[in-house]
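Engineer:
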Ligand SMILES: Cc1cc2nc3c(=O)[nH]c(=O)nc-3n(C[C@H](O)[C@H](O)[C@H](O)COP(=O)(O)OP(=O)(O)OC[C@H]3O[C@@H](n4cnc5c(N)ncnc54)[C@H](O)[C@@H]3O)c2cc1C
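Numbering (the numbering used here), first residue to last: 5 to 460.
1) So, for residue 185: in the same chain, excluding its five sequence neighbours on each side, which residues have a beta-carbon less than 7 Å away from its beta-carbon?
2) Sorry if obvious, but does the Cβ on residue 282 come closer than 7 Å to a heavy atom of ligand 1?
3) To the nearest angstrom, how far is it from the Cα of residue 160 to the Cα of residue 394?
4) Taking the CB atoms as reference points, tell me whether residue 437 and residue 444 lie closer together than 8 Å.
5) Go through the segment 96-176 residue by residue and report every complete run of the alpha helix (DSSP H) that reaches 4 residues or more, in order.
6) Residue ranges of each alpha helix (DSSP H) run of no fewer than 4 residues wholly in the segment 364-437, ordered along the chain?
7) Please classify residue 127 as buried or exposed, where buried requires at least 16 neighbouring CB atoms within 10 angstroms.
8) Mind checking residue 18: buried by the 16 CB within 10 Å criterion, or exposed?
9) By Cβ distance below 7 Å, which residues in the same chain neighbour residue 32 in space, the five residues on each side in sequence not counted?
10) Can you give me the C-alpha to C-alpha distance between residue 107 and residue 386, rounded to a whole angstrom?
11) Do the CB positions of residue 361 and residue 5 come within less than 8 Å of each other?
12) Going by the C-beta, is residue 56 closer than 7 Å to any heavy atom of ligand 1?
13) Short check: CB of residue 480 to CB of residue 424, under 8 Å?
14) So, is residue 374 buried or exposed, given that buried needs 16 or more other C-beta atoms within 10 angstroms?
15) Cα separation between residue 189 and residue 84?
16) Pick out whichever of 147, 331, 166, 27 has its Cα sitting closest to the Cα of residue 110.
17) Is the CB-CB distance between residue 20 and residue 30 below 8 Å?
18) Taking residue 279 as part of the beta strand (DSSP E), name the residues at either end of that continuous run.
19) If the criterion is Cβ atoms closer than 8 Å, does the pair residue 226 and residue 344 meet it?
20) Leaving out five residues on either side along the sequence, give the residues of the same chain with a beta carbon under 6 Å from the beta carbon of residue 398.
21) Tell me whether the segment 337-355 and the segment 56-72 touch, counting them as touching only if at least three CB pairs, one residue from each stretch, are closer than 8 Å.
22) List the DSSP bridge partners of residue 64.
23) Please state if the CB of residue 268 and the CB of residue 26 are separated by a distance shorter than 8 Å.
24) Could you check where the beta strand (DSSP E) with residue 189 kicks off and where it finishes?
25) Give the DSSP-derived three-state secondary structure of residue 254 in the structure shown.
26) Residue 57 and residue 168: beta carbons closer than 8 Å?
27) Note the first and the last residue of the continuous alpha helix (DSSP H) segment covering residue 38.
28) How is residue 245 classed by DSSP in three states: helix, strand or coil?
29) Is residue 133 near residue 119, with beta carbons less than 8 Å apart?
30) Take the Cβ of residue 408 as the centre, count every other Cβ of all protein chains shown within 10 Å, and call the residue buried at 16 or more, exposed below.
31) Could you give the residue range of the alpha helix (DSSP H) that holds residue 286?
32) What is the rounded straight-line gap between the Cα of residue 313 and the Cα of residue 163?
33) Does DSSP put residue 337 in a helix, in a strand, or in coil?
34) Pick helix, strand or coil for residue 53, following the three-state DSSP scheme.
35) Given this structure, state the Cα-to-Cα distance separating residue 48 from residue 105, to the nearest angstrom.
36) Applying the 10 Å Cβ sphere with the 16-neighbour rule, what's the burial state of residue 16?
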């Protein structure tokens with residue numbers, strides 16, 4: 005992909021304009037390149053990748069936030085990378101989720117057998133968990149869809165599943181995916197996350213998994229080389245041009261069809277536009293006289309987003325040294341901790357360890373106070389060795405996903421890839437598609453590419 009100034013854009017050189025170079029926009033451009041189409045990307049900021057990027061800091065290579073790629077073997081995101089990048093990037097899988105409730109540690113049980121020996125609660129709690137676990141494991145997607153408009157807590161209460169430790173552990177698991185607590189998270193999205201499936205499995209398969217566990221390794225991992233290098237490889241593979249520092253200010257319509265975009269004051273006529281711009285910005289950008297169009301975009305104007313806080317620690321010796329995803333459930337706040345250098349030693353100087361700790365950013369409390377709370381509240385008590393070895397400390401804040409998975413904002417509610425304007429498509433985490441985060445961005449890109457293919 006070549007960088008050009010906006011004044012050098014010649015519309016007839018391109019098949020499609022993509023507004024925004026986040027994961028959704030770049031994956032769309034990658035797939036279109038493979039089909040011989042030339043994209044022009046207009047990006048608001050001075051770099052590509054959107055929220056996906058990384059940089060060097062005091063000798064460590066740091067991503068923007070902890071990025072564990074879900075569905076490494078079976079997801080749309082890695083399918084794009086395997087199909088279009090040669091050689092495909094390498095992923096190292098994690099060893100699973102380990103939830104700490106005070107001095108006890110356990111995983112989310114994968115089978116009835118594991119539930120009945122779950123260390124985090126007593127026998128009554130285990131029996132309750134076995135009952136609700138069986139219900140969730142055997143539930144089909146169609147049935148889950150019925151719960152899209154109630155919260156996960158309401159769902160659990162309606163099934164009599166009220167054991168507090170179980171709810172607290174589920175709260176931590178759902179929090180990471182939905183970006184909101186279980187009293188706000190859509191039950192449909194929470195159930196899908198817990199069952200971890202985008203596809204239906206056979207009844208027999210579900211029953212076998214339920215009784216004996218999945219027997220499979222965790223299909224989630226970290227990319228070797230970091231997110232920045234990954235995004236740069238995607239950009240290299242795209243045969244098209246990009247204009248940086250070029251916010252799209254207007255998308256115009258004529259006779260029901262997209263007619264062009266305005267970026268940096270330049271009007272660029274175009275009849276095929278893919279927008280990777282967050283949906284909440286679109287009402288100010290799309291210019292139309294039709295109520296249908298304005299209603300469509302205004303519906304997403306007040307989308308609830310989630311914000312994340314990541315604390316990076318560089319340790320002058322290896323303390324954790326494993327690939328466990330540790331979730332500290334109690335005492336609050338829920339925190340997720342990963343030793344990145346145990347996946348990819350090149351992100352830390354030799355003999356050192358890079359640890360990332362992530363949580364949701366709270367409104368109304370200073371970042372300093374939240375960081376102090378992240379380091380305390382159990383972390384200092386259960387992992388004191390970490391604190392003796394800190395040589396680098398770095399704090400990041402960001403939104404973790406463009407739309408919280410609450411009732412009314414589930415994958416089922418999302419409008420993409422089509423819009424009421426012909427030739428204008430939307431892509432990105434908040435637009436459409438199953439899964440969370442990068443999977444959702446990749447699923448939405450697949451949707452846009454097939455919609456474009458139907459209309460060339
Ligand atoms: C801290 C953190 C941790 C995360 N962890 C994970 C994880 O572990 N696993 C996972 O799968 N996902 C994770 N995610 C989520 C994942 O990174 C995002 O869902 C995904 O990268 C978002 O892609 P997107 O296409 O929706 O767009 P975005 O990244 O939002 O990109 C949109 C692009 O459009 C550009 N833009 C905006 N307005 C305009 C305009 N007017 N004109 C032109 N360009 C414009 C922006 O500058 C940006 O480049 C995490 C995210 C964060 C922030």
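Ideal placement from N, C-alpha and C gives every residue a C-beta, glycine not left out.
This one's a predicted model, so the numbers in the text were calculated from it and none came from an experiment.
Structural biologist: On the basis of the coordinates in this document:
1) Start at 1 with the first residue of the chain shown, and residue 185 comes out as number 181. Within its own chain, the residues whose Cβ lies closer than 7 Å to the Cβ of residue 185, once the five positions on either side in sequence are excluded, are 175, 179, listed in chain order.
2) Here the question's residue 282 lines up with position 278 in the chain shown. Checking every heavy atom of ligand 1 against the Cβ of residue 282, one is found closer than 7 Å.
3) In the chain shown, counting from the first residue as 1, residue 160 sits at position 156. In the chain shown, counting from the first residue as 1, residue 394 sits at position 390. So the two alpha carbons sit approximately 41 Å from each other.
4) On the chain shown, residue 437 is found 433 positions in, with the first residue counted as 1. On the chain shown, residue 444 is found 440 positions in, with the first residue counted as 1. Taking C-beta atoms as the reference points, residue 437 and residue 444 count as a pair closer than 8 Å.
5) Counting only runs of 4 or more, we get 116-119, 127-141, 145-149, 156-162.
6) Those alpha helix (DSSP H) runs which fall completely within the segment 364-437 and span 4+ residues are 371-379, 383-386, 388-392.
7) The sequence position of residue 127 within the chain shown is 123, counting from 1. Looking at its Cβ environment, which holds fewer than 16 other Cβ atoms inside 10 Å, residue 127 is exposed.
8) Position 14 of the chain shown, counted from the start, is the residue given in the question as residue 18. Around the beta carbon of residue 18, 16 or more other beta carbons lie within 10 angstroms, which makes this residue buried.
9) Stepping through the chain shown from its first residue, residue 32 is reached at position 28. Setting aside the 5 residues that flank it on each side, residue 32 is surrounded in the same chain by 22, 278, 431, 449, 452, 453, each with a C-beta closer than 7 Å to its C-beta; the list follows chain order.
10) Here residue 107 refers to the residue found at position 103 when the chain shown is read from its first residue. Here residue 386 refers to the residue found at position 382 when the chain shown is read from its first residue. Those two C-alpha atoms are separated by around 8 Å.
11) Walking along the chain shown from the start, residue 361 turns up at place 357. Walking along the chain shown from the start, residue 5 turns up at place 1. No. Outside cutoff.
12) As a working note, residue 56 is residue 52 in the chain shown. With a cut-off of 7 Å, the C-beta of residue 56 is classified as near ligand 1, since at least one heavy atom of the ligand falls inside that distance.
13) Shown here, the chain extends from 5 to 460; a query on residue 480 therefore has no answer.
14) Stepping through the chain shown from its first residue, residue 374 is reached at position 370. Counting Cβ neighbours within 10 Å, residue 374 comes out buried, since at least 16 surround it.
15) By 1-based counting over the chain shown, the position of residue 189 is 185. By 1-based counting over the chain shown, the position of residue 84 is 80. C-alpha separation (whole angstroms): 29 Å.
16) Along the chain shown, one-based indexing puts residue 110 at 106. Measuring C-alpha to C-alpha distances from residue 110 to each of 147, 331, 166, 27 identifies 331 as the nearest.
17) In the chain shown, the residue the question calls residue 20 occupies position 16. In the chain shown, the residue the question calls residue 30 occupies position 26. Note that the C-beta distance between residue 20 and residue 30 is not below 8 Å.
18) As a first step, residue 279 is located in the chain shown; it is residue number 275 there, counting from the start. Note, residue 279: beta strand (DSSP E), 277-279.
19) Taking the chain shown and counting its residues from 1, the one referred to as residue 226 is at position 222. Taking the chain shown and counting its residues from 1, the one referred to as residue 344 is at position 340. In this structure, the beta-carbon distance from residue 226 to residue 344 falls below 8 Å.
20) Position 394 of the chain shown holds residue 398. Close CB contacts of residue 398 within its chain, under the 6 Å cut and outside five residues either way in sequence, are with 61, 316 (chain order).
21) Result yes; three or more Cβ-Cβ pairs closer than 8 Å.
22) Residue numbering aside, residue 64 sits at position 60 when the chain shown is read from its first letter. Residue 64 is bridged to 61.
23) The sequence position of residue 26 within the chain shown is 22, counting from 1. The sequence position of residue 268 within the chain shown is 264, counting from 1. Residue 26 is not a Cβ neighbour of residue 268, given a cutoff of 8 Å.
24) What you label residue 189 is simply residue 185 of the chain shown in a count that begins at 1. Careful: residue 189 lies outside any beta strand (DSSP E) and carries neither H nor E.
25) In the chain shown, counting from the first residue as 1, residue 254 sits at position 250. Three-state DSSP puts residue 254 in a strand.
26) The residue labelled residue 57 in the question sits at position 53 within the chain shown. The residue labelled residue 168 in the question sits at position 164 within the chain shown. Against a cut-off of 8 Å, the Cβ pair of residue 168 and residue 57 comes out as no contact.
27) Numbered from 1 along the chain shown, position 34 holds the residue referred to as residue 38. Per DSSP, the unbroken alpha helix (DSSP H) holding residue 38 starts and ends at 27-38.
28) On the chain shown, residue 245 is found 241 positions in, with the first residue counted as 1. Three-state result, residue 245: strand.
29) Residue mapping note: residue 133 aligns to position 129 of the chain shown, counting from 1. Residue mapping note: residue 119 aligns to position 115 of the chain shown, counting from 1. Yes, they are a contact pair.
30) Within the chain shown, numbered from 1, the residue matching residue 408 stands at position 404. With 16 or more Cβ atoms within 10 Å of its Cβ, residue 408 is classed as buried.
31) Taking the chain shown and counting its residues from 1, the one referred to as residue 286 is at position 282. Counting along the chain, the unbroken alpha helix (DSSP H) around residue 286 starts and ends at 286-289.
32) As a first step, residue 313 must be located in the chain shown, where it is residue number 309. As a first step, residue 163 must be located in the chain shown, where it is residue number 159. Approximately 33 Å between the Cα atoms of the pair.
33) Reading the chain shown from its first residue, position 333 is the one you call residue 337. Coil at residue 337, not helix or strand.
34) As a first step, residue 53 must be located in the chain shown, where it is residue number 49. Residue state, collapsed to three classes: strand.
35) If you number the chain shown from 1, residue 48 lands on position 44. If you number the chain shown from 1, residue 105 lands on position 101. Approximately 43 Å, taken between the alpha carbons.
36) Locating residue 16 in the chain shown gives position 12, where the first residue counts as 1. It counts as exposed.
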